[in-house]
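Since the structure comes first, as C-alpha coordinates, the remarks are kept for the end.
Residue numbers (the working numbering): 496 to 683.
In C-alpha coordinates:
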(Lines of atoms letter the chains of each structure in order from A; the text may use other names.)
(Lines give C-alpha, C1' and ligand atoms only; values in the text may rest on other atoms or scores of the structure.)
Protein backbone atom coordinates (compact mmCIF):
# COMPACT_ATOMS: atom_id res chain seq x y z
CA UNK A 496 0.00 0.00 0.00
CA UNK A 497 2.93 2.34 0.70
CA UNK A 498 4.06 1.87 -2.89
CA UNK A 499 0.59 2.75 -4.16
CA UNK A 500 0.53 5.90 -2.02
CA UNK A 501 4.05 6.88 -3.10
CA UNK A 502 3.04 6.37 -6.72
CA UNK A 503 -0.07 8.50 -6.24
CA UNK A 504 1.98 11.28 -4.64
CA UNK A 505 4.53 11.21 -7.45
CA UNK A 506 1.84 11.22 -10.12
CA UNK A 507 0.02 14.09 -8.39
CA UNK A 508 3.24 16.09 -8.33
CA UNK A 509 3.85 15.42 -12.02
CA UNK A 510 0.31 16.39 -13.01
CA UNK A 511 0.55 19.56 -10.88
CA UNK A 512 3.80 20.48 -12.60
CA UNK A 513 2.22 19.88 -15.99
CA UNK A 514 -0.52 22.39 -15.15
CA UNK A 515 -3.89 22.07 -13.53
CA UNK A 516 -6.81 20.75 -15.49
CA UNK A 517 -9.65 23.12 -16.19
CA UNK A 518 -12.85 22.86 -14.08
CA UNK A 519 -15.31 20.49 -15.70
CA UNK A 520 -19.08 20.83 -15.79
CA UNK A 521 -20.27 17.29 -15.10
CA UNK A 522 -23.33 16.05 -13.25
CA UNK A 523 -26.47 18.01 -12.41
CA UNK A 524 -26.38 21.80 -12.74
CA UNK A 525 -25.90 24.11 -9.78
CA UNK A 526 -29.32 25.23 -8.55
CA UNK A 527 -31.02 21.96 -9.47
CA UNK A 528 -32.54 19.50 -7.06
CA UNK A 529 -30.09 16.69 -6.47
CA UNK A 530 -30.96 13.29 -7.89
CA UNK A 531 -31.80 10.54 -5.41
CA UNK A 532 -29.17 8.69 -3.44
CA UNK A 533 -29.35 4.88 -3.80
CA UNK A 534 -26.39 4.03 -1.60
CA UNK A 535 -25.80 2.06 1.57
CA UNK A 536 -23.55 2.57 4.57
CA UNK A 537 -20.88 0.10 5.66
CA UNK A 538 -23.50 -2.09 7.37
CA UNK A 539 -25.62 -2.24 4.21
CA UNK A 540 -28.32 0.11 5.49
CA UNK A 541 -29.80 2.59 2.99
CA UNK A 542 -28.87 6.23 3.57
CA UNK A 543 -30.60 9.45 2.59
CA UNK A 544 -29.04 12.80 1.77
CA UNK A 545 -31.01 14.56 4.49
CA UNK A 546 -29.74 12.08 7.10
CA UNK A 547 -26.16 12.83 6.08
CA UNK A 548 -26.60 16.60 5.99
CA UNK A 549 -25.37 19.08 8.56
CA UNK A 550 -27.27 22.26 9.44
CA UNK A 551 -26.00 24.00 6.29
CA UNK A 552 -25.71 20.93 4.09
CA UNK A 553 -23.52 18.12 2.81
CA UNK A 554 -20.32 17.85 0.83
CA UNK A 555 -20.68 14.71 -1.28
CA UNK A 556 -17.60 13.26 -2.96
CA UNK A 557 -17.90 10.81 -5.84
CA UNK A 558 -14.74 8.73 -6.22
CA UNK A 559 -13.74 5.88 -8.50
CA UNK A 560 -12.49 3.19 -6.11
CA UNK A 561 -10.87 2.82 -2.70
CA UNK A 562 -9.57 -0.59 -3.84
CA UNK A 563 -7.60 0.14 -7.01
CA UNK A 564 -7.46 3.90 -7.69
CA UNK A 565 -4.40 5.48 -6.02
CA UNK A 566 -5.73 8.99 -6.74
CA UNK A 567 -8.96 8.17 -4.93
CA UNK A 568 -7.11 6.61 -2.03
CA UNK A 569 -4.99 9.72 -1.65
CA UNK A 570 -8.04 11.99 -1.91
CA UNK A 571 -9.93 10.03 0.75
CA UNK A 572 -6.94 10.17 3.10
CA UNK A 573 -6.40 13.87 2.38
CA UNK A 574 -10.02 14.49 3.41
CA UNK A 575 -9.52 12.93 6.87
CA UNK A 576 -9.05 16.45 8.27
CA UNK A 577 -12.11 17.84 6.44
CA UNK A 578 -14.89 17.05 8.96
CA UNK A 579 -13.67 19.69 11.45
CA UNK A 580 -13.52 22.71 9.09
CA UNK A 581 -16.72 21.57 7.39
CA UNK A 582 -18.54 21.20 10.72
CA UNK A 583 -17.46 24.74 11.65
CA UNK A 584 -19.37 25.85 8.55
CA UNK A 585 -22.38 23.60 9.28
CA UNK A 586 -21.57 20.88 6.74
CA UNK A 587 -20.92 17.18 6.88
CA UNK A 588 -18.91 15.04 4.49
CA UNK A 589 -19.67 11.71 2.80
CA UNK A 590 -18.15 9.91 -0.18
CA UNK A 591 -19.70 7.49 -2.71
CA UNK A 592 -18.24 4.86 -5.04
CA UNK A 593 -19.26 1.65 -6.74
CA UNK A 594 -17.04 -0.32 -4.34
CA UNK A 595 -18.74 -3.02 -2.27
CA UNK A 596 -19.19 -2.30 1.44
CA UNK A 597 -16.44 -4.78 2.37
CA UNK A 598 -13.84 -2.79 0.39
CA UNK A 599 -15.00 0.48 1.93
CA UNK A 600 -15.05 -0.98 5.45
CA UNK A 601 -11.49 -2.26 5.08
CA UNK A 602 -10.27 1.07 3.72
CA UNK A 603 -12.09 2.99 6.49
CA UNK A 604 -10.57 0.82 9.21
CA UNK A 605 -7.07 0.76 7.76
CA UNK A 606 -6.80 4.50 7.14
CA UNK A 607 -8.97 5.81 10.00
CA UNK A 608 -11.50 7.52 7.74
CA UNK A 609 -13.77 9.63 10.02
CA UNK A 610 -16.59 10.27 7.55
CA UNK A 611 -19.03 7.88 5.84
CA UNK A 612 -17.94 5.98 2.75
CA UNK A 613 -21.05 4.86 0.90
CA UNK A 614 -21.49 1.97 -1.52
CA UNK A 615 -23.44 2.31 -4.75
CA UNK A 616 -22.78 -1.24 -6.03
CA UNK A 617 -25.20 -1.07 -8.96
CA UNK A 618 -24.12 2.50 -9.84
CA UNK A 619 -27.76 3.63 -9.57
CA UNK A 620 -26.80 6.90 -7.87
CA UNK A 621 -23.87 7.37 -10.21
CA UNK A 622 -26.23 6.97 -13.18
CA UNK A 623 -28.95 9.18 -11.65
CA UNK A 624 -26.35 11.94 -11.24
CA UNK A 625 -25.13 11.31 -14.84
CA UNK A 626 -21.62 10.62 -13.56
CA UNK A 627 -20.81 7.19 -15.05
CA UNK A 628 -17.37 7.36 -16.63
CA UNK A 629 -18.08 6.39 -20.23
CA UNK A 630 -14.44 5.57 -20.98
CA UNK A 631 -15.07 2.12 -19.52
CA UNK A 632 -17.11 -0.56 -21.27
CA UNK A 633 -19.33 -3.25 -19.66
CA UNK A 634 -16.57 -5.87 -19.77
CA UNK A 635 -14.17 -3.66 -17.76
CA UNK A 636 -13.61 -4.05 -14.00
CA UNK A 637 -14.13 -0.27 -13.85
CA UNK A 638 -17.59 -0.37 -15.48
CA UNK A 639 -19.83 1.80 -13.30
CA UNK A 640 -17.23 4.12 -11.77
CA UNK A 641 -18.17 7.80 -11.49
CA UNK A 642 -16.28 10.79 -12.74
CA UNK A 643 -14.39 12.05 -9.70
CA UNK A 644 -16.29 15.10 -8.46
CA UNK A 645 -17.42 16.97 -5.35
CA UNK A 646 -20.84 18.53 -4.71
CA UNK A 647 -22.06 20.96 -2.06
CA UNK A 648 -25.71 20.26 -1.29
CA UNK A 649 -28.17 22.27 0.80
CA UNK A 650 -30.20 20.54 3.56
CA UNK A 651 -33.19 20.75 1.19
CA UNK A 652 -31.33 18.82 -1.52
CA UNK A 653 -30.39 21.69 -3.83
CA UNK A 654 -27.01 21.58 -5.52
CA UNK A 655 -25.18 24.74 -4.41
CA UNK A 656 -21.70 24.18 -5.85
CA UNK A 657 -19.66 21.55 -7.66
CA UNK A 658 -16.00 20.95 -8.17
CA UNK A 659 -14.79 18.56 -10.84
CA UNK A 660 -11.90 18.27 -13.23
CA UNK A 661 -11.86 16.18 -16.38
CA UNK A 662 -8.51 14.61 -15.51
CA UNK A 663 -9.29 12.00 -12.82
CA UNK A 664 -5.73 12.37 -11.54
CA UNK A 665 -6.43 15.92 -10.39
CA UNK A 666 -8.74 16.34 -7.40
CA UNK A 667 -9.91 19.60 -5.85
CA UNK A 668 -8.17 20.05 -2.49
CA UNK A 669 -10.02 20.73 0.74
CA UNK A 670 -9.03 24.40 0.45
CA UNK A 671 -10.99 24.64 -2.82
CA UNK A 672 -14.04 23.01 -1.23
CA UNK A 673 -13.89 25.40 1.73
CA UNK A 674 -13.44 28.38 -0.63
CA UNK A 675 -16.52 27.27 -2.61
CA UNK A 676 -18.57 27.01 0.60
CA UNK A 677 -17.27 30.31 1.95
CA UNK A 678 -18.26 31.97 -1.36
CA UNK A 679 -21.86 30.79 -1.21
CA UNK A 680 -24.65 33.17 -0.25
CA UNK A 681 -25.54 32.65 3.41
CA UNK A 682 -29.16 31.74 2.64
CA UNK A 683 -29.45 28.53 0.55
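Built from N, CA and C at the ideal position, the CB exists for glycine as well.
Residue i versus residue j: straight-line alpha-carbon distance, rounded
i           : j           : result
residue 529 : residue 605 : 31 Å
residue 655 : residue 633 : 32 Å
residue 552 : residue 541 : 19 Å
residue 536 : residue 614 : 6 Å
residue 544 : residue 585 : 15 Å
residue 678 : residue 638 : 35 Å
residue 628 : residue 619 : 13 Å
residue 710 : residue 598 : Residue 710 falls outside the range modelled here, since the chain spans only 496 to 683, and no answer is possible.
residue 635 : residue 520 : 25 Å
residue 548 : residue 538 : 19 Å
residue 662 : residue 616 : 23 Å
residue 671 : residue 602 : 24 Å
residue 674 : residue 600 : 30 Å
residue 514 : residue 550 : Any reading at residue 514 needs caution, since the residue's pLDDT is 40, under 50, leaving its predicted position unreliable; the model's value is listed next. Looking at the two C-alpha atoms, the distance is approximately 36 Å.
residue 641 : residue 630 : 10 Å
residue 649 : residue 563 : 31 Å
residue 580 : residue 680 : 18 Å
residue 574 : residue 531 : 24 Å
residue 577 : residue 565 : 19 Å
residue 516 : residue 647 : A caution first: residue 516 carries a pLDDT of 45, below 50, which makes its placement in the model too unreliable to give a value.
residue 582 : residue 546 : 15 Å
Assumed close pair residue i, residue j - CB separation to whole angstroms, cut-off 8 Å
i           : j           : result
residue 523 : residue 651 : 14 Å between Cβ atoms; not a contact.
residue 623 : residue 644 : Going by Cβ atoms, the distance from residue 623 to residue 644 rounds to 14 Å, so no, they are not a contact pair.
Interface flag, residue i vs chain D, CB-CB below 8 Å
i           : result
residue 573 : The chain labelled as chain D is not found in the depicted structure, where only one protein chain is given.
Residue i, enclosing beta strand (DSSP E) - first and last residue
i           : result
residue 644 : 644-648
residue 569 : Residue 569 -> not in any beta strand (DSSP E); alpha helix (DSSP H) instead, spanning 565-573.
Paired residues, beta bridge with residue i - DSSP
i           : result
residue 552 : 586
residue 557 : 591 and 644
residue 577 : DSSP lists no partner for residue 577.
Start and end residues, alpha helix (DSSP H) containing residue i
i           : result
residue 613 : Here residue 613 belongs to no alpha helix (DSSP H); instead the beta strand (DSSP E) covers 612-614.
residue 617 : No alpha helix (DSSP H) holds residue 617; DSSP gives it neither H nor E.
residue 545 : 544-547
residue 677 : 669-677
residue 596 : 596-606
Should the stretch 588-602 be called in touch with the stretch 555-574, which here means at least 3 C-beta pairs below 8 Å?
Yes, the stretch 588-602 touches the stretch 555-574.
Hey, is the stretch 580-591 in contact with the stretch 599-615, meaning 3+ C-beta pairs nearer than 8 Å?
Taking 8 Å as the limit for Cβ pairs, the verdict is that the stretch 599-615 does touch the stretch 580-591.
Does the stretch 526-545 come within contact of the stretch 653-672, defined as at least 3 CB pairs closer than 8 Å?
yes
Is there contact between the stretch 563-581 and the stretch 660-669, where contact requires at least three CB pairs shorter than 8 Å?
Contact holds: three or more Cβ-Cβ distances are below 8 Å.
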